[in-house]
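Undergrad: So that we are looking at the same thing, I have put the structure below in structure tokens.
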Amino acid sequence: MTGDILHCYDAVVRGLDIWARILKWITSGGRRLPNLNKPENHPWVPGSPWKAFHEEIQAWRELQERGLWFPDTSVASHAAFGQAEQFAYVNLVYHLSLLFLNRDQQWHSVAELLDDAGKHVLLGSRSVEKGTIAVEDLKSCSLPGSVELLQIDTSDDASIVAAAKTVEAYVPFSLEALVNNAATGYGDASDTMFNQPNAVFRTNAAGAYATAEAFEPVLRKSSSPRIIYVTSGAGSLSRRLEANTPFYKVREPQYRVSKAVMNMTAACQMVDYQEEDWKEFLYCPRFCESNLGPQNKASNGAKPASEGAKPMVDMLNGKRDDEAGKYSHYGGEYPW
Numbered sequence: 001m002t003g004d005i006l007h008c009y010d011a012v013v014r015g016l017d018i019w020a021r022i023l024k025w026i027t028s029g030g031r032r033l034p035n036l037n038k039p040e041n042h043p044w045v046p047g048s049p050w051k052a053f054h055e056e057i058q059a060w061r062e063l064q065e066r067g068l069w070f071p072d073t074s075v076a077s078h079a080a081f082g083q084a085e086q087f088a089y090v091n092l093v094y095h096l097s098l099l100f101l102n103r104d105q106q107w108h109s110v111a112e113l114l115d116d117a118g119k120h121v122l123l124g125s126r127s128v129e130k131g132t133i134a135v136e137d138l139k140s141c142s143l144p145g146s147v148e149l150l151q152i153d154t155s156d157d158a159s160i161v162a163a164a165k166t167v168e169a170y171v172p173f174s175l176e177a178l179v180n181n182a183a184t185g186y187g188d189a190s191d192t193m194f195n196q197p198n199a200v201f202r203t204n205a206a207g208a209y210a211t212a213e214a215f216e217p218v219l220r221k222s223s224s225p226r227i228i229y230v231t232s233g234a235g236s237l238s239r240r241l242e243a244n245t246p247f248y249k250v251r252e253p254q255y256r257v258s259k260a261v262m263n264m265t266a267a268c269q270m271v272d273y274q275e276e277d278w279k280e281f282l283y284c285p286r287f288c289e290s291n292l293g294p295q296n297k298a299s300n301g302a303k304p305a306s307e308g309a310k311p312m313v314d315m316l317n318g319k320r321d322d323e324a325g326k327y328s329h330y331g332g333e334y335p336w
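Following full-length UniProt numbering, the numbering of the sequence shown begins with 1 at its first residue and continues without gaps.
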């Protein structure tokens, strides 16, 4: 009992300390972040790299595993260094569509991508304000490559068309790869039963299809275009009927159905382009930390988003071309 009390006390004290430093930074007008690896005098861990604060939050999360619950620390980490985690680590937050305008398709994270002066990244974001902050944070790292914001809302057909026209205006560049990554996990709980799933389907299924179709003309300018659909094992019809699979008892019908439709969209395009030198990938990073929902955190077993992104590096780099046309995941292949 004494051990449990001390455990709870430690978690409370450390949690309050973290939150106090975050709130102090926010109220002082803090917004932008410096280089993640460079020691800076910042308000959380003075004189240490920004990654140190990430590690501190992860350690605090681990204290919560013995029945102790605090407000989702992903909120804290997002407020404090979320832009860095999202974009420097290519956090698959499912609320962004990442577009890469680049001849060399190597990337491990956006920061590593920008280590090459010959690389140019169009970072897609629904929110101009949040996207601008992210781009400015990346630019503040003084990396050789270049990055700019591309406003795109994959639930709005006009926004998709406008974004595609913006990219098409780039000359002499071609769009070498499209990572179709935008998604949402939930509809508005206050909406009608009919409109709730429609909102999820619009982004996850219809939006993914419309984005790929809109960017098809500019992708066709490439000698070997690539499209990656970031999907989920929740969209597998076969796995849904297997009682021994993880999350079998998790319902989420709206999300599951929307991802199943996305999978069929990818399958249709795989057939459409099979006679051409297109590489289409359907990839699930598996259970990663993200803001898709409150369950996507390390204390629930979610792995770092950077790990889930690693296979995508190889897909864009031509090292996993044998997985083109398949329903693959972080550690293997799913049944359709």
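Don't be surprised by glycine CBs; every beta carbon is placed ideally from N, CA and C.
Bear in mind that the values here come from a model prediction, so they are computed numbers and not experimental data.
Pull up the CB-CB distance for A205 and S258, whole angstroms please, since I reckon it's below 8 Å.
TA: Residue 205 sits at position 205 when you count from the first residue of the sequence shown. Residue 258 sits at position 258 when you count from the first residue of the sequence shown. Correct: roughly 5 Å between the Cβ atoms.
Undergrad: Can you give me the Cβ contacts of V128 inside the same chain, cut-off strictly under 8 Å, excluding the 5 residues immediately before and after it?
TA: The count along the sequence shown starts at 1 and reaches residue 128 at position 128. Closer than 8 Å at Cβ, skipping near neighbours: L149, Q151.
Undergrad: State the Cα-Cα distance for the pair L175 and A208, rounded to the nearest angstrom.
TA: Residue mapping note: residue 175 aligns to position 175 of the sequence shown, counting from 1. Residue mapping note: residue 208 aligns to position 208 of the sequence shown, counting from 1. Using only the alpha carbons, I get a separation of about 17 Å.
Undergrad: Going by alpha carbons, who is nearest to R240 out of V230, E252, Y229?
TA: As a working note, residue 240 is residue 240 in the sequence shown. Nearest of V230, E252, Y229 to R240, Cα basis: E252.
Undergrad: Alpha carbon to alpha carbon, what distance is there between G318 and V121?
TA: Translated into the one-based positions of the sequence shown, residue 121 becomes position 121. Translated into the one-based positions of the sequence shown, residue 318 becomes position 318. About 18 Å.
Undergrad: To the nearest angstrom, how far is it from the Cα of D272 to the Cα of A162?
TA: In the sequence shown, the residue the question calls residue 272 occupies position 272. In the sequence shown, the residue the question calls residue 162 occupies position 162. Each residue's Cα considered, the two are about 24 Å apart.
Undergrad: Can you list, in chain order, the residues of its chain with a C-beta nearer than 8 Å to that of P71? Leave out the 5 residues immediately preceding and following it.
TA: Residue 71 sits at position 71 when you count from the first residue of the sequence shown. Unreliable placement is indicated for P71, whose pLDDT of 33 sits below 50; the coordinate value is still reported in the next sentence. Answer for P71: no residue qualifies.
Undergrad: Suppose contacts are defined by Cβ-Cβ distances below 8 Å. Is T132 in contact with N180 by that definition?
TA: The residue given as residue 132 occupies position 132 in the sequence shown. The residue given as residue 180 occupies position 180 in the sequence shown. No, Cβ-Cβ distance for T132 and N180 is not below 8 Å.
Undergrad: Give the range of the alpha helix (DSSP H) segment to which Q151 is assigned.
TA: Looking up residue 151 in the sequence shown gives position 151. Counting along the chain, Q151 falls outside any alpha helix (DSSP H), though it belongs to the beta strand (DSSP E) covering 146-151.
Undergrad: Report the residue from L219, V230, M312, A234 whose alpha carbon sits nearest the alpha carbon of D277.
TA: As a position in the sequence shown, residue 277 is number 277, starting the count at 1. Out of L219, V230, M312, A234, L219 has the C-alpha closest to the C-alpha of D277.
Undergrad: Output the residue ranges of the alpha helix (DSSP H) runs that lie fully inside the stretch 251-286 and measure 4 residues or longer, sorted by chain position.
TA: For the stretch 251-286, whole alpha helix (DSSP H) runs of length 4 or above, ordered along the chain, are 253-272.
Undergrad: Alpha carbon to alpha carbon, how far is F194 from R202?
TA: The count along the sequence shown starts at 1 and reaches residue 194 at position 194. The count along the sequence shown starts at 1 and reaches residue 202 at position 202. For F194 and R202, the distance between alpha carbons rounds to 13 Å.
Undergrad: Is it right to say E275 is buried, meaning 16 or more other beta carbons lie within 10 angstroms of its own, or is it exposed?
TA: Taking the sequence shown and counting its residues from 1, the one referred to as residue 275 is at position 275. When all chains shown are included, E275 counts as exposed.
Undergrad: If you follow the beta strand (DSSP E) that Y327 is in, where does it begin and where does it stop?
TA: Counted from its first residue, the sequence shown places residue 327 at position 327. Its beta strand (DSSP E) spans residues 327-329.
Undergrad: Is S222 helix, strand or coil when you go by DSSP?
TA: Locating residue 222 in the sequence shown gives position 222, where the first residue counts as 1. Coil, per DSSP.
Undergrad: How would you label V147, buried or exposed, when you count the other beta carbons within 10 angstroms and need 16 or more for buried?
TA: Here residue 147 refers to the residue found at position 147 of the sequence shown. It is buried - the Cβ of V147 has at least 16 other Cβ atoms within 10 Å.
Undergrad: To the nearest angstrom, how far is the alpha carbon of S142 from that of A134?
TA: By 1-based counting over the sequence shown, the position of residue 142 is 142. By 1-based counting over the sequence shown, the position of residue 134 is 134. Rounded to whole angstroms, S142 to A134 spans 14 Å at the Cα level.
Undergrad: Could you name the residues that DSSP lists as bridge partners for I228?
TA: For this step, residue 228 is matched to residue 228 along the sequence shown. Answer is V179, F281.
Undergrad: If you draw a straight line from the alpha carbon of L99 to that of L123, how long is it in whole angstroms?
TA: Start at 1 with the first residue of the sequence shown, and residue 99 comes out as number 99. Start at 1 with the first residue of the sequence shown, and residue 123 comes out as number 123. Note on L99: pLDDT 44, under 50, position unreliable in the model; the coordinate value appears next. One C-alpha to the other measures close to 6 Å.
Undergrad: Between the alpha carbons of A230 and Y283, how many angstroms are there, rounded?
TA: Within the sequence shown, the letter at position 230 stands for residue 230. Within the sequence shown, the letter at position 283 stands for residue 283. Just to set this straight, residue 230 is Val in the shown sequence, not Ala. Taking the straight line from one Cα to the other gives about 5 Å.
Undergrad: So, are the CB atoms of V200 and Q269 less than 8 Å apart?
TA: Position 200 of the sequence shown, counted from the first residue, corresponds to residue 200. Position 269 of the sequence shown, counted from the first residue, corresponds to residue 269. Not in contact: V200 and Q269 (Cβ atoms no closer than 8 Å).
Undergrad: From the DSSP secondary-structure annotation, give me the bridge partner or partners of G332.
TA: As a position in the sequence shown, residue 332 is number 332, starting the count at 1. DSSP output for G332 lists H329 as bridge partner(s).
Undergrad: K310 to S328, Cα distance in whole Å?
TA: Taking the sequence shown and counting its residues from 1, the one referred to as residue 310 is at position 310. Taking the sequence shown and counting its residues from 1, the one referred to as residue 328 is at position 328. Computed Cα separation, rounded: 13 Å.
Undergrad: Using CA atoms only, rank isn't needed, just tell me which of M262, E213, D322 is closest to T184.
TA: Residue mapping note: residue 184 aligns to position 184 of the sequence shown, counting from 1. Checked all of M262, E213, D322; the closest Cα to T184 is M262.
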